[in-house]
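Same order as they appear, the protein sequences are chains Y and V.
Per our numbering, the very first residue in the first sequence carries number 33; after that it's consecutive.
Per our numbering, the very first residue in the second sequence carries number 288; after that it's consecutive.
Note that CB positions come from ideal geometry on N, CA and C, so glycine has one too.
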Amino acid sequence: MTMDEPQKNPQHTENKFPFCALCAFLRPVTDFVPVLAILLFLGALFWAREQDPFSRNWFTLKTADGNAFKCVSVLPKPVRQCPVIVYAHGSGGSLMNDGYDLRQMAEMGLAVVSLEYNQTNEVAFNAQLEALRRYLGRQKWADTNAVAWVGFSLGANWLLDFASQHPAQPPQLLVQLSGAGIPEALLPQALTQPGGEGVTNLHGPLLLIHGEQDGIFSVADTERFAARLQTNGVPVELKVMPGLPHGMEPERGVIFRSLGEYCRSHLQSSRRRGGGASSVATGGSDLSHVDPAATSEWWQNYQSVSRWQAGAPALWLFWLPAAAWIIGGLVWKSRKASAPSGQRWWRSSNGQLRNPCSRGEIALRWLAVLLAAWALAETALHLAPPHFSVSDRTLALARRYLVQSKERADFETLAGRPIWQEQKLKTLLDHVELAGYNRELVNWQLDDQMYRDFVLSPVITGKAHEQLSWRRPLWEEFYPRIRHESAPEDAATIVVRHLRERLTVVAAPDLPRSIPDIWLKQITDAAGFEIIYVAALRSVGVPARLDAKGHAEFWDGNKWQTAPAPSVLSW
Amino acid sequence: MAVVLALFVLLLAMASVWNMDAGRSFAYHTHVRWAGPWENPNLFGLLMGTGVLLAVGTAATFYPRFSILCVPGAGAWRRRVAQSAIVIWCLLTVMLLGRGLLHSYSRGAWLATGCGGMYLLWHWLGHEISQIHEGRSRISFISQLTRNWFPLSVILVCTFVLGFWHFRQTEWHPAHRALSVVNPVDFSWRNRVAAWEGGVQIMAEHPWFGTGWNQPEPLYANYYVPHKLNESAAIEMNDYLMLGATLGIPALFCLGMYLWRSLVRSAERGARNERRETVLPSSTFLATTCRAGALVLLAGFWFDGGLFKVVTASSFWILLELGNVGYRELREMHDNG
Numbered sequence: 033m034t035m036d037e038p039q040k041n042p043q044h045t046e047n048k049f050p051f052c053a054l055c056a057f058l059r060p061v062t063d064f065v066p067v068l069a070i071l072l073f074l075g076a077l078f079w080a081r082e083q084d085p086f087s088r089n090w091f092t093l094k095t096a097d098g099n100a101f102k103c104v105s106v107l108p109k110p111v112r113q114c115p116v117i118v119y120a121h122g123s124g125g126s127l128m129n130d131g132y133d134l135r136q137m138a139e140m141g142l143a144v145v146s147l148e149y150n151q152t153n154e155v156a157f158n159a160q161l162e163a164l165r166r167y168l169g170r171q172k173w174a175d176t177n178a179v180a181w182v183g184f185s186l187g188a189n190w191l192l193d194f195a196s197q198h199p200a201q202p203p204q205l206l207v208q209l210s211g212a213g214i215p216e217a218l219l220p221q222a223l224t225q226p227g228g229e230g231v232t233n234l235h236g237p238l239l240l241i242h243g244e245q246d247g248i249f250s251v252a253d254t255e256r257f258a259a260r261l262q263t264n265g266v267p268v269e270l271k272v273m274p275g276l277p278h279g280m281e282p283e284r285g286v287i288f289r290s291l292g293e294y295c296r297s298h299l300q301s302s303r304r305r306g307g308g309a310s311s312v313a314t315g316g317s318d319l320s321h322v323d324p325a326a327t328s329e330w331w332q333n334y335q336s337v338s339r340w341q342a343g344a345p346a347l348w349l350f351w352l353p354a355a356a357w358i359i360g361g362l363v364w365k366s367r368k369a370s371a372p373s374g375q376r377w378w379r380s381s382n383g384q385l386r387n388p389c390s391r392g393e394i395a396l397r398w399l400a401v402l403l404a405a406w407a408l409a410e411t412a413l414h415l416a417p418p419h420f421s422v423s424d425r426t427l428a429l430a431r432r433y434l435v436q437s438k439e440r441a442d443f444e445t446l447a448g449r450p451i452w453q454e455q456k457l458k459t460l461l462d463h464v465e466l467a468g469y470n471r472e473l474v475n476w477q478l479d480d481q482m483y484r485d486f487v488l489s490p491v492i493t494g495k496a497h498e499q500l501s502w503r504r505p506l507w508e509e510f511y512p513r514i515r516h517e518s519a520p521e522d523a524a525t526i527v528v529r530h531l532r533e534r535l536t537v538v539a540a541p542d543l544p545r546s547i548p549d550i551w552l553k554q555i556t557d558a559a560g561f562e563i564i565y566v567a568a569l570r571s572v573g574v575p576a577r578l579d580a581k582g583h584a585e586f587w588d589g590n591k592w593q594t595a596p597a598p599s600v601l602s603w
Numbered sequence: 288m289a290v291v292l293a294l295f296v297l298l299l300a301m302a303s304v305w306n307m308d309a310g311r312s313f314a315y316h317t318h319v320r321w322a323g324p325w326e327n328p329n330l331f332g333l334l335m336g337t338g339v340l341l342a343v344g345t346a347a348t349f350y351p352r353f354s355i356l357c358v359p360g361a362g363a364w365r366r367r368v369a370q371s372a373i374v375i376w377c378l379l380t381v382m383l384l385g386r387g388l389l390h391s392y393s394r395g396a397w398l399a400t401g402c403g404g405m406y407l408l409w410h411w412l413g414h415e416i417s418q419i420h421e422g423r424s425r426i427s428f429i430s431q432l433t434r435n436w437f438p439l440s441v442i443l444v445c446t447f448v449l450g451f452w453h454f455r456q457t458e459w460h461p462a463h464r465a466l467s468v469v470n471p472v473d474f475s476w477r478n479r480v481a482a483w484e485g486g487v488q489i490m491a492e493h494p495w496f497g498t499g500w501n502q503p504e505p506l507y508a509n510y511y512v513p514h515k516l517n518e519s520a521a522i523e524m525n526d527y528l529m530l531g532a533t534l535g536i537p538a539l540f541c542l543g544m545y546l547w548r549s550l551v552r553s554a555e556r557g558a559r560n561e562r563r564e565t566v567l568p569s570s571t572f573l574a575t576t577c578r579a580g581a582l583v584l585l586a587g588f589w590f591d592g593g594l595f596k597v598v599t600a601s602s603f604w605i606l607l608e609l610g611n612v613g614y615r616e617l618r619e620m621h622d623n624g
């Protein structure tokens with residue numbers, strides 16, 4: 033520590049260690065500020081690590097013939113044994129670009145591994161996949177009794193080929209996204225050879241997902257392929273995605289999340305049954321055979337990313353060593369400064385302590401005290417009341433200090449509703465502030481009545497004890513995505529897509545139904561999805577409500593219409 | 288050194304009035320953000336902030352009351368006229384550059400300029416305080432300032448807090464822009480904070496050698512960006528985290544040590560040598576000015592980047608090295624008796 037460091041001749045110091053440039057370079061490490069910076073940095077480093085819901089591991093494997101290739105695994109935290117997805121991207125894909133897809137699947141509690149495979153040589157790909165399988169067999173986190181292979185386009189085709197060529201080591205689930213299927217030209221061959229295209233060796237189960245507008249591999253080929261597999265008794269499911277192209281954009285995020293959910297449900301059942309190899313061999317693996325008890329239990333305890341981050345320790349805990357260092361430094365400095373001088377206070381002739389301050393200085397200090405008190409009071413008035421419950425007194429405080437004049441009418445409208453019992457004032461203020469601010473920003477106009485009833489209002493279901501504190505997180509999530517849209521319809525399409533990318537929809541008991549809970553746990557059932565859908569639409573300024581059947585509907589400027597459905601609600 | 292600084296300030300002053308209508312792609316509400324000859328108003332703001340401090344420092348160096356060049360005797364009046372002309376020119380430049388800084392609407396540049404200004408002020412006060420201890424101070428309010436620094440600081444902070452609560456809804460755009468850093472609905476700073484977190488997470492997973500050049504951006508965009516963000520470019524705005532993520536924590540540590548040594552150690556050496564002088568030596572103060580300019584860029588690299596951009600990086604390294612030159616001169620004088 034060199035605060036008020038005694039004077040030294042720098043030359044003398046440098047001559048002491050002329051031979052050691054490193055010592056001279058590292059000497060500042062003992063200074064106060066560098067140590068503080070290092071402590072802050074390390075605190076932030078450990079905090080960020082704790083906040084991170086995934087562990088990513090980049091590694092290189094070698095095939096039997098010595099060729100190296102790169103892989104990445106994305107593991108959900110806490111790292112423990114879990115089902116595995118092996119993912120092979122399409123032609124032109126790379127490990128770097130796989131990240132979003134891998135994270136979408138890993139959010140389902142699955143270890144996801146992708147490989148940078150040779151895209152020009154299928155034999156090399158087979159060797160690489162074999163090496164990866166061997167590697168997975170050695171990992172503690174990999175449950176080798178619950179493995180799914182997911183391939184996209186070229187990756188899908190080659191994974192299928194590998195599975196048909198190695199029937200003794202099948203995955204528990206094989207998923208083809210935008211795969212080739214059976215082209216019409218090869219149909220005669222497929223029909224004449226029993227199970228043509230290697231289909232005879234497949235025992236399934238298989239999931240085929242194909243975009244209706246796929247311009248590279250026709251959906252008809254995949255339908256043909258699925259039919260052929262079914263003829264051969266292979267359990268197969270085909271999901272045709274209406275209107276989607278080969279790359280599955282813009283619904284790719286939804287598809288990968290849904291795919292993750294599907295794999296999770298099926299692999300969970302596989303784990304319960306004690307592994308897939310035997311079950312496949314006995315023909316026990318069936319796509320329709322999902323153990324409802326096992327999957328329900330798992331979904332009820334689903335650990336979402338938001339939940340993980342909400343449960344992570346706060347940053348200030350990691351900065352305690354830095355705070356201790358600052359306090360220690362200040363104590364050390366004040367002791368050093370106050371030791372001998374006694375310049376500010378001294379004893380008068382009668383032995384009493386005298387203050388040497390002039391009147392001007394005393395006035396200055398009083399001014400500082402008064403201003404500090406005023407600033408503290410003002411700060412407390414702005415920061416404390418929002419944390420109190422709504423009452424006449426807190427409402428009066430809010431009117432006087434917290435609500436801007438342009439928000440006053442909305443505030444009075446909301447405050448007048450009998451819905452604020454046991455609610456925090458902050459919730460009310462958030463609704464008023466954000467709804468009003470959003471109304472200024474969006475590119476469509478609403479009349480006041482429509483705005484107040486179906487945008488500003490936090491009540492969605494009207495049930496007693498409905499939790500109302502949902503606007504801020506939803507607005508922060510959805511507004512940046514719709515900011516350039518000019519019509520409520522377009523905004524609704526974006527909202528439902530992103531909502532489905534972030535939420536799992538399953539049929540299981542005891543799933544959250546209140547909006548803050550759904551958003552935190554990132555899981556709900558179909559009815560809960562409709563509720564949060566309405567809230568999300570309102571958060572971005574689209575008037576919305578639940579219809580008589582509990583489905584979301586929105587106001588398009590002329591009439592109420594059913595809100596767009598997600599491309600996949602649940603598989 | 289004075290010539291180099293004067294040229295640098297002149298170039299920046301020219302840049303501040305360069306083609307102001309060109310940078311229409313950046314706007315803050317209805318106001319065009321000036322970008323000068325560059326494409327990015329943040330870079331422009333940083334350079335304007337640097338220029339402001341360099342001009343202020345140069346003006347202070349040549350201000351006749353303080354300057355070591357003010358020696359009585361033959362030709363002193365001519366020298367004084369020349370000094371006054373320099374000071375007036377510098378102050379005009381400050382106005383031009385300050386205007387550019389304001390119209391850049393770059394919060395990072397404003398804050399960085401504040402940091403550099405504090406450094407310059409701190410150094411000047413430190414010198415004056417040392418003169419007081421030796422009974423040689425020429426400025427009377429310094430002793431009052433040192434006696435009452437605490438209540439004055441409290442008054443300053445409280446004024447800021449009160450100003451914030453009373454004017455946070457102001458429609459005056461510069462103030463609105465400055466206060467947006469505490470606005471919870473401002474996505475700009477939230478994206479940056481999220482990117483900082485992502486950058487630190489990348490470093491935590493690749494601590495020793497980093498991820499390699501040009502890797503952190505796609506890595507962040509694909510593997511680390513929080514789902515609630517719909518853009519990932521903010522990670523490129525913090526050069527320190529980018530460097531740590533690219534080359535690893537040891538490389539970041541080395542850069543930090545080098546900067547610390549350059550900025551602080553040389554300043555300490557200079558301060559020790561200065562105590563032997565009766566007035567603030569011009570070369571020392573010019574060196575301090577250079578370091579203040581470097582500090583502006585250094586702070587700006589945290590918020591807006593620039594360490595890997597030619598215009599800001601070259602300015603930064605030149606100023607950092609010039610910051611050491613003055614002390615080397617003093618040291619040589621001292622060594623030569």
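Is it right to say residue i is buried, meaning 16 or more other beta carbons lie within 10 angstroms of its own, or is it exposed?
i: Thr380 of chain V; result: buried
i: Ser345 of chain V; result: Checking the sequence shown, residue 345 of chain V turns out to be Thr, not Ser. Label assigned to Thr345 of chain V: buried.
i: Ala120 of chain Y; result: buried
i: Tyr545 of chain V; result: exposed
i: Ala363 of chain V; result: exposed
i: Ile359 of chain Y; result: exposed
Would you say residue i faces chain V, with C-beta separation under 8 Å as the test?
i: His414 of chain Y; result: yes
i: Ala567 of chain Y; result: no
Do residue i and residue j have their CB atoms nearer than 8 Å?
i: Gly183 of chain Y; j: Gly211 of chain Y; result: yes
i: Gly141 of chain Y; j: Gln335 of chain Y; result: yes
i: Trp348 of chain Y; j: Ile555 of chain Y; result: no
i: Arg296 of chain Y; j: Lys553 of chain Y; result: no
i: Glu585 of chain Y; j: Ala597 of chain Y; result: no
i: Ala407 of chain Y; j: Leu449 of chain V; result: yes
i: Lys271 of chain Y; j: Ile248 of chain Y; result: no
i: Ala581 of chain V; j: Gly543 of chain V; result: no
i: Leu192 of chain Y; j: Leu206 of chain Y; result: yes
Taking residue i as the query, report the chain V residues whose CB atoms sit under 8 Å from its CB, ordered along the chain.
i: Trp551 of chain Y; result: Near Trp551 of chain Y there are no residues of chain V at all, since even the closest Cβ is about 11 Å away, more than 8 Å.
i: Val513 of chain Y; result: Here the sequence assigns Arg to residue 513 of chain Y, which means Val is not the residue at that position. The contacting residues are Asn517.
Is any beta-carbon of chain Y found at less than 8 Å from that of residue i?
i: Pro503 of chain V; result: no
i: Gly543 of chain V; result: yes
i: Gln418 of chain V; result: no
i: Pro438 of chain V; result: yes
i: Met490 of chain V; result: yes
i: Arg434 of chain V; result: yes
i: Leu298 of chain V; result: no
i: Trp452 of chain V; result: yes
i: Cys357 of chain V; result: Interpretation of Cys357 of chain V is limited by its pLDDT of 49, a score under 50 that renders its predicted location unreliable; the figure taken from the coordinates is listed afterwards. Not closer than 8 Å to any Cβ of chain Y, the Cβ of Cys357 of chain V fails to qualify, so no.
Residue i and residue j look like a contact to me (Cβ under 8 Å); what is the Cβ gap, rounded to whole Å?
i: Val116 of chain Y; j: Ala174 of chain Y; result: 5 Å
i: Ile514 of chain Y; j: Leu578 of chain Y; result: About 21 Å; that fails the 8 Å criterion.
i: Met331 of chain V; j: Ala342 of chain V; result: Sequence inspection shows Phe at residue 331 of chain V; the Met mentioned does not correspond to that position. In fact, because the Cβ distance is near 16 Å, the residues do not count as touching under 8 Å.
Cβ closer than 7 Å: which chain Y residues qualify as neighbours of residue i?
i: His514 of chain V; result: Arg534
What in chain V is Cβ-close to residue i, meaning under 9 Å?
i: Asp625 of chain Y; result: Outside the shown range of chain Y (33 to 603) lies residue 625 of chain Y, about which nothing can therefore be said.
i: Trp357 of chain Y; result: Under the 9 Å cutoff, chain V gives no residues; its nearest Cβ is about 16 Å from Trp357 of chain Y.
i: Trp348 of chain Y; result: What Trp348 of chain Y touches in chain V: nothing, since even the nearest Cβ is about 15 Å away.
At 7 Å on the CB atoms, spell out the chain C contacts of residue i, in chain order.
i: Gly131 of chain Y; result: Any reference to chain C falls outside this structure, whose protein chains are Y and V.
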